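For the record, the sequence lines run as chains A and B. Heads up, the first sequence is in my numbering, so the first residue is 61 and it goes up one at a time. Heads up, the second sequence is in my numbering, so the first residue is 342 and it goes up one at a time. Everything below concerns the one structure shown next.
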Amino acid sequence: MFSGKSTASIFAAWSLCAVVSAQAQVEPNTPAAREQPPERERGVRLEFDQRPSVRIGRLLRLDVRLTSQADLRDLASPSASTNEDAFDLQRLRVGIEGTFLRKLEYQVEREMRDSSDPWRDVFVNLRVRRAAEIRAGHFKLPFSLDQTTGSKGLDFTYRSLAASYLAPGRDVGVMVHGDALGNGVKYEAGVFRRGGKTPLAVTGANAVNPRTVAGRLVLRPWTPSTPKPIRALALGLAVTSGRVPEGLNGLRGRTVGEDVFFDRVYVNGVRRRVGVELQWRMGPVSAQGEAIRVRDERRGQGIDNKDLPDMVSRGWYFNGTWLVTGERKKGTIEPTRPFLRNGIGALELAGRIEELSFGSDMAGGGSSQGPRAPHPSEKSDRALTAGVNWYLNEFIKVQADVVRELRRDGGRVLDSRGRLWSRTVRVQFAL
Amino acid sequence: MSMPKLFVRVRDLRYWLCTALVCVWLPSVSTATGESPMTSDAPEADALFDDSQLHDIWIHVNDRDWAQLREGYRENTYYPADIEWQGHVVRNAGIRVRGRTSRSGQKPGLHVDFGRYVSGQRFLGLKSLDLDNLWQDPTMLRERLAMLVFRRMGLPAPRESHARMFVGSGREFAGVYGVIEVIDKQFLGRHFNEDDGYLYQYHWQDPFGFANPSSNLDWYAARFEPRTHENESTSALFAPIRDLARAVEDAPVEQLEEALAPYLDLSTYIRHIAVDNVLSQPDGLVGNLGMSNFYLYRFEERTLAQMIVWDQDLAFEDLELPAPSKNFDINLLAQKIWASPELRAMYLMALVDVTLSIGPPAGTPEVEEPSQRQCPAPPGQPVCGWLEEEVSREYAQIREAAIADPRTPYGPEQFEEGIEFLKRFARERSRIVRHYVSQIDPGIVAASAVQPSGTLRTRSRQVRRPE
Chain A
61 MFSGKSTASI FAAWSLCAVV SAQAQVEPNT PAAREQPPER ERGVRLEFDQ
111 RPSVRIGRLL RLDVRLTSQA DLRDLASPSA STNEDAFDLQ RLRVGIEGTF
161 LRKLEYQVER EMRDSSDPWR DVFVNLRVRR AAEIRAGHFK LPFSLDQTTG
211 SKGLDFTYRS LAASYLAPGR DVGVMVHGDA LGNGVKYEAG VFRRGGKTPL
261 AVTGANAVNP RTVAGRLVLR PWTPSTPKPI RALALGLAVT SGRVPEGLNG
311 LRGRTVGEDV FFDRVYVNGV RRRVGVELQW RMGPVSAQGE AIRVRDERRG
361 QGIDNKDLPD MVSRGWYFNG TWLVTGERKK GTIEPTRPFL RNGIGALELA
411 GRIEELSFGS DMAGGGSSQG PRAPHPSEKS DRALTAGVNW YLNEFIKVQA
461 DVVRELRRDG GRVLDSRGRL WSRTVRVQFA L
Chain B
342 MSMPKLFVRV RDLRYWLCTA LVCVWLPSVS TATGESPMTS DAPEADALFD
392 DSQLHDIWIH VNDRDWAQLR EGYRENTYYP ADIEWQGHVV RNAGIRVRGR
442 TSRSGQKPGL HVDFGRYVSG QRFLGLKSLD LDNLWQDPTM LRERLAMLVF
492 RRMGLPAPRE SHARMFVGSG REFAGVYGVI EVIDKQFLGR HFNEDDGYLY
542 QYHWQDPFGF ANPSSNLDWY AARFEPRTHE NESTSALFAP IRDLARAVED
592 APVEQLEEAL APYLDLSTYI RHIAVDNVLS QPDGLVGNLG MSNFYLYRFE
642 ERTLAQMIVW DQDLAFEDLE LPAPSKNFDI NLLAQKIWAS PELRAMYLMA
692 LVDVTLSIGP PAGTPEVEEP SQRQCPAPPG QPVCGWLEEE VSREYAQIRE
742 AAIADPRTPY GPEQFEEGIE FLKRFARERS RIVRHYVSQI DPGIVAASAV
792 QPSGTLRTRS RQVRRPE
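Okay, structure coming up:
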């Protein structure tokens, strides 16, 4: 599967460093350290509760964040140029977060391994009350449960294809959000500079304002008398709408190995996304699913300048997890008995089925190919993933996934290039 | 007794129902797939290259794409387009700007790749096609005329015709274009009865004429772009070309033919440079700046290679020039041919053969009133040679469209002047070349005067191996 002694030794060394540093970080995380006497909240002080933190009374809190992860990948890709079988330090992200005057939260995060687009979350958040907060800056648009989940909380080594390639990602904008009715309703609504992370080809004469509005609503309309299995369920709906500049700006479909199986097409007009989601967490077991549809207008994009049927991209996934060691499933897993501290950590089994497909809005008329084809041949990628997650402690996680993909073109399974196997092992250290 | 009849009727009914279903279903299937409107009786590529008519080609392309293509004419970006010719349409082909010095945003030359977006798609059996903008030629005829001469002399050369090109939904007239056959596997199959050898397009970088060949294979990779076997190793692709260059350098003059026999068909090469010379091509195999404008084909499982002519729009440059050995000093192979009495005679003979094939018969009197000249010539007038007739025919075919061409950089006067020069070239060039040859070897011209043209190969062989 993975070859090369040097690769293995690098991986082992990196893992060891991560474990040792985690142990060093873990030491201060004792019950004694967590119990801060009220008098210590005055003056400037340095704390290490979960992560390094500087506090100036109640005026300012500044926490240091660090996320680092390395992958051993054996990604299947029909194109030899992207065929990977390598150890790769995928992520080295550092940042700060905290509060100012308790009401104003802030976060600044930078990816050290990405020189072209290094900034991740850079925003301030004014918390008027729990039901009314305002966030401004660069952050993820409120769309897709999987996309808006932090990397520390992901159940697999890669986000679902639907979230990766259909959700908008980060952008600069302003958003109001909050929790109401005792967590029964969570809402997010904002306006953003453009449609997210996807770079858009804009030519001067055809430039339009690609401002995008986005909103997401998550409901848990349950009462205390509702049976517990139902109370564990959250249902959500999200939408975005914004103009896409005329050009080769359609969405691109990629496989898990990032091989392009559907290339960009010419679009012009409004891009609308609709997503529905569910999440169910009960004790050590969880289930989660989403369905996303993106519709792109193609006004005047025909070869003879005629309007083409809308491009429709669809994606869905459903996954389930089970913490075998019995911990409660939540965003960050804290093993009851951490590794090397009288335990083995937490073990979790996970499985996911998903599909990503691209085609036009109109049935019939014959399918074809090309960036201005009226009825692009429907192409899809269905993936099955089985994974094991090992949480050594609350800072270190080791994930192993096996993925089988099945690609189709016009309903026909691609024989030689369609069935792909990928394997990934990831070690993540998050502070 | 009635039961069998009823049975027959029911069976008939089934038959007719099935027939009706098939009749309804089949057309719907062919409509639904809709990818290729070509039917089994669709014309072959020969019809597109039929030079007896001026064709019309309509490029259906999005206005924005066409504007971007013209604006970014230095790039090789593909854009989707439907190509229509004589009512036949191929959908979702890819077009990009082609050419080197002839690149223009005003009148872009186009390379059409029918399978760019639809895998395996062909049009009239062709995988691709070039539409030459004829940017460097006021007459718009030189490229096609030159290729005809090469083919007339038995050398493989692309088929060409002329077309009026229309663009966009408004069917805007975009000018007169040359419709040029691409040198690819289909071309190889037609000319060599094989297509799996190694084909390269030569890209001029600096003057090269086989002297001091580089030992670095990357040097060859930068100049010889593989058009087949593209993914093979550098060694497999370019070591044989290096070997060919070394063989030329190492071969002694007196054994040149034998030494090069495994690598190069010398008689074909000599004919090629003879045609270049007669056509006054400054940018060919023995050009002013070294070798240029050719493909190299190495035959299947052999080291033997042959050069194939390409891009002749600078031919017919000068009526008086060049002399037979012009530029031979900067081409080692030509230099060695010239130094070998036998091969030099073969080359001179080839020159005379070309002149006899395309020019008026030897001894034809000069035309007294060129402006009144008609081809074919009326009785009593000097006979027109093949080339002069061809110039007249093609001129008549494209004249109206060429003058109406909205994007050509040349005016009608330049077009007419250029045509007059071509006609004069066709009438007089042969005599001038034979004069050059007679100064070097009078016997060859004297012998040729009584020989019919078109016997080049036979007589060349006699010269090569005299008894």
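From the three backbone atoms N, C-alpha and C, an ideal C-beta is built for every residue, glycine too. None of these values were measured; they are calculated from a predicted model.
- No Cβ-Cβ contact shorter than 8 Å links residue 219 of chain A with residue 200 of chain A.
- Of all residues in the region 298-328 of chain A, only 306 and 326 place a beta-carbon less than 8 Å from a beta-carbon of chain B.
- For residue 618 of chain B, the uninterrupted alpha helix (DSSP H) segment begins and ends at 607-619.
- Take the alpha-carbon of residue 405 of chain B and the one of residue 459 of chain B: they are about 21 Å apart.
- Residue-level contact by beta carbon holds for residue 431 of chain A and chain B, with a gap shorter than 8 Å.
- Contact of residue 440 of chain A with chain B is not assigned, every C-beta pair being separated by 8 Å or more.
- Contact between residue 539 of chain B and residue 575 of chain B is absent: CB atoms are separated by about 13 Å, not below the 8 Å threshold.
- Among the residues facing chain B, residue 285 of chain A is not included, as its CB has no counterpart in that chain under 8 Å away.
- The continuous alpha helix (DSSP H) containing residue 223 of chain A extends over residues 221-226.
- Cβ-Cβ distances below 7 Å link residue 679 of chain B to 666, 669 and 685 in the same chain, with the five nearest sequence neighbours on each side left out; the list follows chain order.
- Only those residues of the region 438-472 of chain B whose C-beta falls short of 7 Å from the nearest C-beta of chain A are listed: 458 and 459.
- Listed in chain order, the non-local C-beta contacts of residue 554 of chain B below 8 Å within the same chain comprise 583, 586, 587, 589 and 590, local neighbours out to five positions each way being set aside.
- Inter-residue distance for residue 402 of chain B and residue 364 of chain A is about 6 Å (C-alpha atoms, whole angstroms).
- Residue nearest to residue 495 of chain B within the set B:695, B:703 and B:762 is B:695 (criterion: CA-CA distance).
- At the C-beta level, residue 450 of chain B and residue 473 of chain B come within 8 Å of one another.
- Here DSSP, grouped into helix, strand and coil, assigns residue 651 of chain B to coil.
- A Cβ-Cβ distance of about 6 Å is found for the pair residue 505 of chain B and residue 517 of chain B, placing them in contact under the 8 Å criterion.
- Residues of the region 357-370 of chain A whose Cβ lies closer than 9 Å to any Cβ of chain B, in chain order: 360, 361, 362, 363, 364, 365 and 366.
- Look at residue 528 of chain B here: in three-state DSSP terms it is helix.
- The C-alpha of residue 767 of chain B lies about 25 Å from the C-alpha of residue 750 of chain B.
- The Cβ atoms of residue 646 of chain B and residue 604 of chain B sit closer than 8 Å to each other.
- Rounded to the nearest angstrom, the Cβ distance from residue 370 of chain A to residue 217 of chain A is 33 Å, too far for a contact under 8 Å.
- At least one beta carbon of chain B lies nearer than 8 Å to the beta carbon of residue 428 of chain A.
- A distance below 7 Å between beta-carbons, with the five flanking residues on each side excluded, links residue 414 of chain B to the following residues of its chain, in chain order: 438, 444, 445, 446 and 449.
- In this chain, residue 418 of chain B is not harboured by any alpha helix (DSSP H), its DSSP state being neither H nor E.
- Listed along chain A are 363 and 364, each with a C-beta nearer than 8 Å to that of residue 401 of chain B.
- For residue 432 of chain B, the neighbours in chain A by C-beta distance under 7 Å run, in chain order, 428.
- Proximity of residue 567 of chain B to chain A, defined by a Cβ-Cβ separation below 8 Å, is not satisfied.
- With a cutoff of 8 Å on beta-carbon distance, residue 660 of chain B and residue 770 of chain B are scored as near each other.
- For residue 156 of chain A, same chain residues with a beta-carbon under 7 Å away, outside a window of 5 residues either side, are 122, 123, 124, 125 and 168 in chain order.
- The C-beta of residue 356 of chain A has 16 or more other C-beta atoms within 10 Å across all chains shown, which makes the residue buried.
- DSSP places residue 207 of chain A inside the alpha helix (DSSP H), whose first and last residues are 205-208.
- Residue 450 of chain A carries a strand assignment under DSSP once its states are collapsed to helix, strand and coil.
- Three or more Cβ pairs drawn from the region 477-489 of chain B and the region 640-656 of chain B lie within less than 8 Å of each other, which places the two stretches in contact.
- Among the residues facing chain A, residue 405 of chain B is included, as its CB has a counterpart in that chain under 8 Å away.
- When the beta-carbon positions are compared, residue 255 of chain A and residue 162 of chain A stay at least 8 Å from each other.
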